[in-house]
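So the sequences go chain by chain: A and B. In this text, residue positions in the first sequence follow my numbering: the first is 1, and each later residue adds one. In this text, residue positions in the second sequence follow my numbering: the first is 1, and each later residue adds one. Ideal placement from N, C-alpha and C gives every residue a C-beta, glycine not left out. What follows is a set of notes on a single structure, which appears directly below.
Protein chains: 2
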Amino acid sequence: MSATAENRYRAAALFRAELRRFLRQSEDCARRFGLTPRQHLLLLQIAGSETGTTTVSELVRRLALTQSAVTELVQRAEEAGLVARKPSALDGRVSDLRLTEEGDRRLAGVHDALGPERERLRALLQDEPK
Amino acid sequence: MSATAENRYRAAALFRAELRRFLRQSEDCARRFGLTPRQHLLLLQIAGSETGTTTVSELVRRLALTQSAVTELVQRAEEAGLVARKPSALDGRVSDLRLTEEGDRRLAGVHDALGPERERLRALLQDEPK
């Protein structure tokens with residue numbers, strides 16, 4: 001491989017290595033607060049939506065998972081007391097999902113604990129072209 | 001949940017949604033070029049290292065995988081004709097890994113195909129605080 005080809009991949013390789021480190025730490029952090037990595041992302045996407053509530057269809061898009069995977073994820077989170085649903089005010093056939101107090105408490109725990117790692121990743125991404 | 005708490009998670013939620021989209025597309029793209037997602041990252045980390053060669057120990061760090069997972073990944077990539085090894089010039093007990101021509105060709109294919117997505121992610125990350 002030529003020196004040019006080496007340089008060509010260097011920034012992307014560094015970015016991916018940092019990203020895997022961040023994601024691994026995010027997963028470990030979620031587990032410390034009694035959440036699976038997917039539950040953490042589920043809670044984050046619900047809480048981070050514009051109104052603090054969202055629907056399964058919207059989660060399919062944001063989590064890049066299938067409808068059936070999201071449906072099961074939501075059901076387990078509901079059974080675990082992390083998420084609650086009620087019929088949407090806009091469309092009674094659809095359920096709005098929101099966090100319970102316990103879901104909110106655990107998400108806040110993970111989010112705060114990950115703060116320094118998020119900062120580190122942001123700084124790296126701003127320094128470095130990909 | 002208060003309006004303050006909603007806003008607090010908004011940027012992180014958008015970042016994670018974009019990230020999952022990017023990673024999903026990266027995986028799909030790798031498969032189109034006959035690579036597993038992990039093989040793609042393996043080839044990228046080898047080609048993106050400073051000299052275009054690297055060692056299993058270095059890959060353990062960069063891929064955030066266990067020693068045995070990396071060893072197996074390298075072995076399969078070697079069997080698939082994507083990676084070659086030779087004793088390190090610095091330490092004969094260690095193998096230097098580099099891409100074969102076929103490995104280089106497939107990595108270049110994935111890397112070029114992913115270019116627009118990488119650009120999109122970079123633009124989003126620069127616009128948006130996490």
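- Annotation for S49/A: no beta strand (DSSP E) segment contains it, and DSSP assigns it neither H nor E.
- DSSP places A69/B in the uninterrupted alpha helix (DSSP H) bounded by Q67 to E79.
- Taking CB atoms only, R118/A has a neighbour in chain B less than 9 Å away.
- At least 9 Å separates the CB of L82/A from every CB of chain B.
- Scanning T53/A, L114/A and L125/A for the CA closest to the CA of Q25/A turns up L114/A.
- Listed in chain order, the positions of the segment 17-34 of chain B with a beta carbon within less than 7 Å of a beta carbon of chain A are A17, R20, R21 and R24.
- In terms of beta-carbon proximity, G48/B lines the interface with chain A, with at least one pair separated by less than 9 Å.
- Between V60/B and V74/B, the beta carbon gap of about 11 Å keeps them out of contact (Cβ cut-off 8 Å).
- In this structure, R62/B is the residue among R31/B, E72/B, R62/B and P87/B with its C-alpha nearest to the C-alpha of A13/A.
- Of all residues in the segment 36-64 of chain A, only L41, L44, Q45, A47, G48, S49, E50, T51, G52, R61, R62, L63 and A64 come within less than 8 Å of chain B when Cβ atoms are compared, listed by chain position.
- Taking 9 Å as the threshold, the shortest C-beta distance from A77/B to chain A does not fall below it.
- By the neighbour-count criterion, in which a residue is buried when 16 or more other Cβ atoms sit within 10 angstroms of its Cβ, T55/B is buried.
- The C-beta distance from L97/B to T53/B rounds to 6 Å, short enough to fall under 8 Å.
- Rounded to whole angstroms, the gap between the alpha carbons of L125/B and F33/B is 27 Å.
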